[in-house]
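Each number in our numbering corresponds to the 1-based position in the sequence shown with 1373 added.
The beta-carbon is built from N, C-alpha and C at its ideal position, and this holds for glycine as well.
Being a predicted model, the structure only gives us computed values, none of them experimental.
So the structure is just underneath, and the comments pick up after that.
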Amino acid sequence: MIDLRDPRLAAVLAWLIPGAGHLYQRRWPKAALFFICILGTFLYGMVLGECRVVYASWRPNDRRLQFVCQLGVGLPSLPAVVEWVRQRNGKPPLFGGCYRAPQVSGSTNIPDELDRLNRDNPLGWDLGTVYTMIAGLLNLLAIYDAYAGPA
């Protein structure tokens, strides 16, 4: 029988930083595996998408539902929420544009930043989004493992 210590705390830690819940439970190999694989997948997706694929946006012409999956990776995705709030209040970006929603013109005649990102790096943009979403969804499984233990 594995001592899961406090499963609720382990689940919160596992959400904040992939592998941290397992580290708290002294399950070292799993902690290392989840940390390296999930964060590696997330960071690789960020690199593919030129650090612009993780952002929060609920504008009518740019609803970023993918962010719901990306949020599963925890702290690495939370700067997007900070940037979303700052952007809504008209403040400059904190992270050099990374995590900030691309500018969308709202007009079909005027190309916008989102169009440019998709045009200049279509494969990287799409794959970067998918990789970061997969990392978030994989972390949900790791969170469940930290909470309920091995199946």
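Residue i bridges to which residues according to DSSP?
| i | result |
| --- | --- |
| residue 1436 | 1431 |
In whole angstroms, give me the CA-to-CA distance for residue i and residue j.
| i | j | result |
| --- | --- | --- |
| residue 1412 | residue 1508 | 7 Å |
| residue 1453 | residue 1400 | 30 Å |
| residue 1429 | residue 1462 | 14 Å |
| residue 1425 | residue 1376 | 40 Å |
| residue 1416 | residue 1517 | 22 Å |
| residue 1471 | residue 1450 | 11 Å |
Residue i: which of the options sits nearest, CA to CA?
| i | options | result |
| --- | --- | --- |
| residue 1448 | 1487, 1474, 1391, 1439 | 1391 |
| residue 1515 | 1378, 1406, 1498 | 1406 |
| residue 1488 | 1419, 1408, 1435 | 1435 |
| residue 1511 | 1381, 1431, 1445, 1379 | 1445 |
| residue 1443 | 1465, 1466, 1419, 1458 | 1419 |
| residue 1386 | 1380, 1394, 1437 | 1394 |
Tell me, to the nearest whole angstrom, how far the beta carbon of residue i is from that of residue j; I am working on the premise that it is less than 8 Å.
| i | j | result |
| --- | --- | --- |
| residue 1389 | residue 1504 | At roughly 20 Å, the Cβ-Cβ gap does not stay under 8 Å, so residue 1389 and residue 1504 are not in contact. |
| residue 1398 | residue 1519 | 7 Å |
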